[in-house]
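A short worksheet on the structure shown next.
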Amino acid sequence: MFREDTIKENSSSPKQNKIRQLSEHTINLIAAGEVIERPAAVVKELVENALDSGANRIVIHLINGGIDRIQVMDNGCGMSSDDLSLAIERHCTSKIIEEDLVQIKTLGFRGEALPSIGAAARLKIISRTMDASQAWQIHVEGGKTKAVSPAAGQCGTQVIVEDLFFATPARRKFLKTPRVEFSRCEAMIQRLAVARPEVAFCLIRDDKTIFDLPIQTRKERILSILTDIREEELIFIDFQREELHLTGFIGASSVNRSTTNGQIMVVNDRPVVDPVMQTAIRVGYRDVLEKGRHPVVALFLTVPMDQLDVNVHPAKTELRFSDDAAVRALLIGSIQKSLAMGAGNSGVHPESLQVVPRQYQQKASNIQYPSVTQRLFSEPNDLSVIQTIKSQENYTFLNEGALSVRDVDSALVQFSKSNGVSNHSEINLPLGTAIAQIFKTYILAVTTEDEFVMVDQHAAHERLTHEALRKQYLEQGIRSQPLLLPEVVDLTDSQIQCLLEFKENLEGLGIELESFGGKSILVRALPQLLGPISAKELLTDLVEELEADEQANPNEADSLHLRLDAIISRMACHHSVRAGRMLNTDEMNALLRQMEETPRAGTCSHGRPTWLKWSKKDIEKLFHRS
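For the record, in the sequence shown the residue sitting at position 571 is 571 according to full-length UniProt numbering, with numbers rising by one throughout.
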C-alpha cells in the first residue's frame, strides 16, 4: 500500500528535466581547468599571444611564482577597443578563419585562453595599436567583465593576471610551492625563447632579473638557455627527408642529464613535448649513453601543414603526425649519423659531466650491460622503429658509419711502424700527442691548440673493438679462430638449450659450438678478433642477452641482427685493453689515432666518456693565474 501511494504521489508531481544547460560562467570555469591548470600554462598562453602579435621583445614578471601576479608586456601590434571587447569572449580569435584548421601558422588559434584566465583570476589587459593616440583597458574578475575604458600605455599589449584561481579555491590548493611553480614557468619560457631566437626575452622574478636575452642567432640562444653546455659540445645537424626537414644541435653523448629537461623540441616554430620525438631521441642515443641518463638536444622539425594536427589538446603541446614512422626514422637516423664521428671532434669538458648515481655506476672488473629488452624494447614501438629505419635507404641502423675492418691489437703496432707516430708536434690532431701514462690506466696527451687530453684506455679500446666487430659482422660475418683444444663449458640446461637454438646465428658472430651431452657444451671456435679469451665468460654473457629478450626468435633472419650492438658490446668488453696494462708511446699514439677515426669513439660501449679535454685557460684557472 505504501508503494502504491508513493508511485501515485510521484506521478502527480511536476516533471523535472535531468539534463540542463550549464551557465556561461560555469562553462568558462570548466574550460579554465583544461587550459590553465597552473601558472606556467597562463604564462605560455600569454607569451604565445605576444609572439603571434609580431612582438620582438617580451618581458615577463612573476610574483610569488606567478601565483599572486603574472605580468606579460610586449611591443606587438596591439588591440583596439573593439578588439579588446571580443578578446575576452570564448572562441573569438584573429588567428584563423572558419574551416581553416589545417593551415595553422600561429601558436594560438582556439580563442580560449583569455576568457579562461578571466574566469579563474583577476585579468587586466592594456593595449594600444601603432596608429592610436591612446591605449585602452579591460578588466575581468571571476568571469565578470567591466566596460572598456581609456588608459595610458605604450604601443603593444600588457596583460596582468592576479590572484590565480581565487574564483576556484579548490584548484588553488593543488598548486605547488612558489619555487616549483616558478621553475615550471621558467622552463616554459626557455622553450619558447629557443623556438624564437629573433625575439628578445626578459624574465623577472619578484623584481629580480633572471635573464634578459637580446635578439640572437639560434646557436647563441641555445647556449644562453642551456648554460651548462659549452659551444664545442654541441653538434650541428641538418637533414632532410622528402618534405621533412630537421635542423638544430645535439649534445655530445657524454653531456647528459638525469631527466629529459635538457631536451627542447620545436615543430613548425611551436615548442612541444611529443612522445614520438622523445622515443626517437632515446633510440638515437641508445648505443652511446648510459642507462638512466638523457641527452641534451635542441631540435627544430619542419613538417608540411597538411601532415600535422596541432588541434589535439587545449594546451597545444601535443601533436599528431600523419606519418609517425617517417618522423622517427628521420630523427633516429640523423642523430646516429651525427654521433658517428671520431673522438676529438666534439668537446667533452669535465665540468659538463654529470655525477652518475651509484646505481648506474659500472665496475670495470665485472661490467653489467643493460639487457636487450631494456636497450632495444623498453617501449612497444621500439621494434617497429628499428625495422622501419632498417628498411630505409640512408637511414639504416645497422649500416650507419663504421670503421674499416682490422685487428685492433695488431693495428696498435702496425700504425706506429708505418705512420711515424713519434713526432706529431706540427700536426693538428684532435686528441693530440701522447706524453705519458698514469696509474697504468689513463693516457695523457697535449694538442697544438694548448689543450690537455686524458683518455681512459680501457673504455677507448672497448669502443674500438666494438666497432671493428660490428663492421666485420655487417660486411662478411665475424671471422672465427678454431681453438687448438676445443673447450668444454658447463652451463644450466636452459642456457645450453638457448645457445643451441641460436647456433647458426652465433656462427655469424664467429662462435662455433655443439652439444657435449649432459650440462656441457663444446666450443670449437671463437671470434678471431677477440684473441685469447675465456669461452665460459663469453658464453655466459651472451646467453644472458638472449634469455633476457623474450622476443628473440632463431627462425627470424633479423632476430639477432636487431640485437647486434647489445651482443657485440658483451664480446668487445672481453677483449679490451684492461686498466693496469702498460702501453709504450707508440701504442698510446696509435690508440689516439684510431679513436679519431672510429665512429662513436667519444663513449665506450655502455655510454661512459672515453676522453676529457681541458684548455690551457681551464688549467690556469685552477692555479688562479690571470
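Cβ coordinates follow ideal geometry from the N, Cα and C atoms, glycine included.
Name, in chain order, the residues that DSSP records as bridge partners for Asp238.
Thr247
Taking 9 Å as the cut-off, decide whether the C-beta atoms of Gly344 and Val267 are in contact.
It is not a contact, given that the beta carbons lie outside the stated cut-off.
Taking DSSP as the reference, what is the three-state secondary structure of Ala326?
helix
For the alpha helix (DSSP H) that contains Met79, what are its first and last residues?
Per DSSP, Met79 belongs to no alpha helix (DSSP H) and is neither H nor E.
Quick check on DSSP: helix, strand or coil for Leu398?
Caution applies to Leu398, whose pLDDT of 31 falls short of 50 and renders its modelled position unreliable; the value that the coordinates give is listed next. Coil.
My guess is that Asp207 and Asp68 are in contact by the Cβ rule of under 8 Å, so how many angstroms apart are they, rounded?
Rounded, the Cβ-Cβ distance is 13 Å, inconsistent with contact.
With H, G and I counted as helix, E and B as strand and the rest as coil, what does DSSP make of Thr279?
helix
Buried or exposed for Met188, going by 16 or more other Cβ atoms inside 10 Å?
buried
Determine the direct distance from the alpha carbon of Ala147 to that of Gln307, and round the result to whole angstroms.
43 Å
Pairing CB atoms from the stretch 492 to 504 with CB atoms from the stretch 518 to 526, are three or more of them under 8 Å?
yes
Does the stretch 217 to 226 touch the stretch 269 to 289, meaning 3 or more C-beta pairs lie closer than 8 Å?
no
Three-state class that DSSP yields for Gln158 in the structure shown:
strand
May I have the straight-line CA-CA distance separating Val300 from Ala535, to the nearest angstrom?
Reading the sequence as shown, one finds Phe at residue 300 and not Val. If you take the alpha carbons of Phe300 and Ala535, they lie about 48 Å apart.
Which ranges would you report for the alpha helix (DSSP H) in the UniProt domain "MutL C-terminal dimerisation" (434 to 583) if only whole runs of at least 4 residues count?
457 to 476, 493 to 501, 503 to 507, 535 to 548 and 564 to 575
Indicate whether Arg592 and Leu429 have their beta-carbon atoms separated by less than 9 Å.
Note that residue 592 is Leu in the sequence shown, not Arg. Yes.
Could you please give me the residues that DSSP links to Arg122 through a beta bridge?
Glu141 and Glu162
Could you check the C-alpha separation between Leu246 and Ser605 for me, to the nearest Å?
27 Å
Going by C-alpha to C-alpha distance, which of Leu244, Ile138 and Gly262 sits closest to Leu331?
Leu244
Just to confirm the assignment, what range does the beta strand (DSSP E) spanning Met265 have?
Gln263 to Val267
With Cys185 as the anchor, note down where its alpha helix (DSSP H) starts and where it stops.
Pro178 to Ala195
Determine the DSSP secondary structure at Thr209, reduced to helix, strand or coil.
Thr209 falls in the strand class under three-state DSSP.
Quick check: the Cα distance between Ala113 and His139, rounded to an integer number of angstroms?
15 Å
If you pair each beta-carbon of the stretch 78 to 85 with each one of the stretch 170 to 189, do three or more pairs fall below 8 Å?
no
Give the single residue among Ser53, Ser183 and Ile117 whose Cα lies nearest to the Cα of Leu62.
Ser183
How is the alpha helix (DSSP H) around residue 654 delimited, first residue to last?
As shown, the chain starts at 1 and ends at 626. That puts residue 654 outside it, with no answer to give.
Helix, strand or coil, according to DSSP, for Lys617 in the structure here?
Helix.
Hey, how far is the Cα of Lys616 from the Cα of Thr610?
20 Å
Using the C-alpha atoms, what's the distance from Cys77 back to Glu290?
48 Å
Taking C-alpha atoms, which residue in His294, Phe321, Val297 and Val296 lies nearest to Met305?
Nearest C-alpha to Met305 among His294, Phe321, Val297 and Val296: Phe321.
Nearest CA to the CA of Ile125: which residue from Phe502, Glu141, Ser569 and Ile567?
From the listed residues Phe502, Glu141, Ser569 and Ile567, the smallest Cα separation to Ile125 is found for Glu141.
In whole angstroms, give me the CA-to-CA distance for Thr447 and Gly251.
23 Å
How would you label Pro197, buried or exposed, when you count the other beta carbons within 10 angstroms and need 16 or more for buried?
buried
Counting C-beta neighbours from all protein chains within 10 Å, is the total for His461 16 or more, i.e. buried, or is it exposed?
buried
Cβ shell of Glu487 (< 7 Å), same chain only, five flanking positions each side left out
Val523 and Ala535
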